[in-house]
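Taking it in order: structure first as structure tokens, then the write-up.
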Ligand code: HAM
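In our numbering, the protein residues as written are 338 to 763.
Structure follows, in structure tokens:
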């Protein structure tokens, strides 16, 4: 027997039952983005590897060990499946001089690839909805980004997603803090675990991100970046917090929030839930004022965020956001003449904007009615030889106790409309 094939580990199929929730999520997201005037941008899944190395940083987990990188056999190019899209969006904006037309509010939605150890909420192909506000110095746009997220949680009916924010200041401030941090960590080098010892050499700030409980006392005693901020950075951070306070959005200043990508400065933030276990961060982002120049563009400030779609969908499912009714009408039919009539009935109903499933294939009336029920349709339209000969259709509400009636085909759409929306709506 031929061995059955399976999807690549950490990469999931979204089957129709789940896809309904995905579609609902995507619809909500599109409306929400439109409400803030963001415009869609679509970039390739493959980019030159150097883009991510330069943008995300050589000493990050993503670049060190999580990228799907390969050499194209055909022309020797070094390519990478995008692990995130901020770098790609900035590359596209610079390549096509988008910022010459003024600042840009952009969004994207799609798959990203990271070779991480798969677990609940963490996959090797996952999806993000992301937003990049290019050319804005903030703190107003930083505040807008945070207000947007809060509104989306509301629109999706999600509760209990907490906001953590921090400021990473400017480069000189980070360097001064880094010096102090390295001195401190070196003084306690003997107590550091192997991972932190390695990070101390490559990317000391990331030691603060260690999840090892034994490292926590060392991390707690470490110099805080917040204490190294100058007046401008503090003013920016205060500005963001004032917007949050005005909007009554609760938040925590988390001085250990450092993010896993190197391009950030000033504002950084994460939205976190307790309901997803270890992978509780549903959204992360911040300001990255140096990136556009680093990718070869004219210096311009920018900020953005990306959210994990699988994680948000899991929360929606937990909150009872199962599949809703997708079709209005299921057309049951038996016999050749009835099938022809069923086509006509289904098209007439679709002309009026109803979503219709027409039964295809042989099956008894009884089993077709079961399918009709399982489809979630509100109404079954039933056509047998008798109805077909008379140019009529049977019509039966599926979600309420009411008998079947018969109606001429050209009155069918009116009758379905009466059933679904009440007679006065006509
Ligand atoms: P990130 O924190 O790496 O940021 O990812 C953003 C979100 O993507 C995470 O909070 C999480 O919800 C989701 N995510 C990340 N990795 C996985 C995974 N392996 N499986 C499932 N979900 C995952 C960025 O990607 C930045 N580009 C965000 C940004 C945009 N910053 C500025 N603009």
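Note that the Cβ used here is the ideal one computed from N, Cα and C, for glycine as well.
- Three or more beta-carbon pairs drawn from the segment 702–712 and the segment 661–675 are found closer than 8 Å, and the two stretches are therefore classed as touching.
- Following the DSSP letters along the chain, one finds residue 432 inside the alpha helix (DSSP H) bounded by residues 423–432.
- Boundaries of the beta strand (DSSP E) harbouring residue 445: 441–450, taken from the DSSP string.
- Within the segment 565–617, the runs of beta strand (DSSP E) that reach at least 3 residues and sit entirely inside it are, in chain order, 602–609.
- Secondary structure in the segment 621–693: the beta strand (DSSP E) runs of 3 residues or longer, each lying completely within the stretch, are 639–645, 666–670 in chain order.
- Distance from the CA atom of residue 340 to the CA atom of residue 649, rounded to whole angstroms, is 35 Å.
- In this structure, DSSP gives residue 357 a helical state, which the three-state scheme calls helix.
- Judged by their CB atoms, residue 380 and residue 504 are not nearer to each other than the 8 Å cut-off.
- A direct Cα-to-Cα measurement between residue 640 and residue 357 gives close to 32 Å.
- The shortest CA-to-CA distance from residue 556 to any of 359, 452, 592, 511 is the one to 592.
- Counting the other CB atoms within 10 Å of its CB gives residue 374 a total below 16, which places it among the exposed residues.
- Residue 481 sits buried, since 16 or more C-beta atoms from the chains shown fall within 10 Å of its C-beta.
- Exclusion of the five residues before and after residue 350 leaves 344 as the residues of its chain whose Cβ lies within less than 7 Å of its Cβ.
- Short note on residue 510: C-beta not closer than 7 Å to any heavy atom of the ligand HAM.
- Taking C-beta atoms as the reference points, residue 643 and residue 622 count as a pair closer than 8 Å.
- Shortest Cα-Cα distance from residue 558 to any of 583, 520, 486, 723 involves 520.
- Spatial neighbours of residue 427 in its own chain (CB-CB distance under 6 Å, excluding positions within 5 residues in sequence) are listed in chain order as 628, 629, 632.
- In the displayed model, residue 345 falls within coil according to three-state DSSP, outside both helix and strand.
- Per DSSP, residue 551 is not a residue of any beta strand (DSSP E), being assigned neither H nor E.
- For residue 702, the CB stays at least 7 Å from every heavy atom of the ligand HAM.
- Taking non-hydrogen atoms of the ligand HAM into account, the C-beta of residue 603 is found less than 7 Å away from none of them.
- Between residue 572 and the set 461, 476, 753, the nearest pair of CA atoms involves 476.
- When beta bridges are read from the DSSP output, residue 507 appears opposite no residue.
- Distance from the C-beta of residue 469 to the nearest heavy atom of the ligand HAM is below 7 Å.
- Taking every protein chain shown into account, the CB of residue 479 has 16 or more other CB atoms within 10 angstroms, so this residue is buried.
- Residue pairing of residue 416 in beta bridges, as defined by DSSP: 385, 407.
- Apart from the 5 residues on each side of it in sequence, residue 596 sits with its Cβ closer than 7 Å to the Cβ of 605, 621, 623 in its chain, given in chain order.
- Contact between residue 715 and residue 665 holds: their C-beta atoms lie close to 6 Å from each other, under 8 Å.
- For residue 363, DSSP records no beta bridge to any residue.
- Per the C-alpha coordinates, the member of 405, 753, 429 positioned closest to residue 745 is 753.
- DSSP places residue 560 outside both helix and strand once states are collapsed to three, so it counts as coil.
- The ligand HAM has a heavy atom closer than 7 Å to the beta-carbon of residue 460.
- Around the beta-carbon of residue 421, 16 or more other beta-carbon atoms lie within 10 Å, marking it buried.
- Taking all protein chains shown into account, residue 362 has 16 or more neighbouring C-beta atoms within 10 Å of its C-beta and is therefore buried.
- Annotated three-state conformation of residue 467 is strand, per DSSP.
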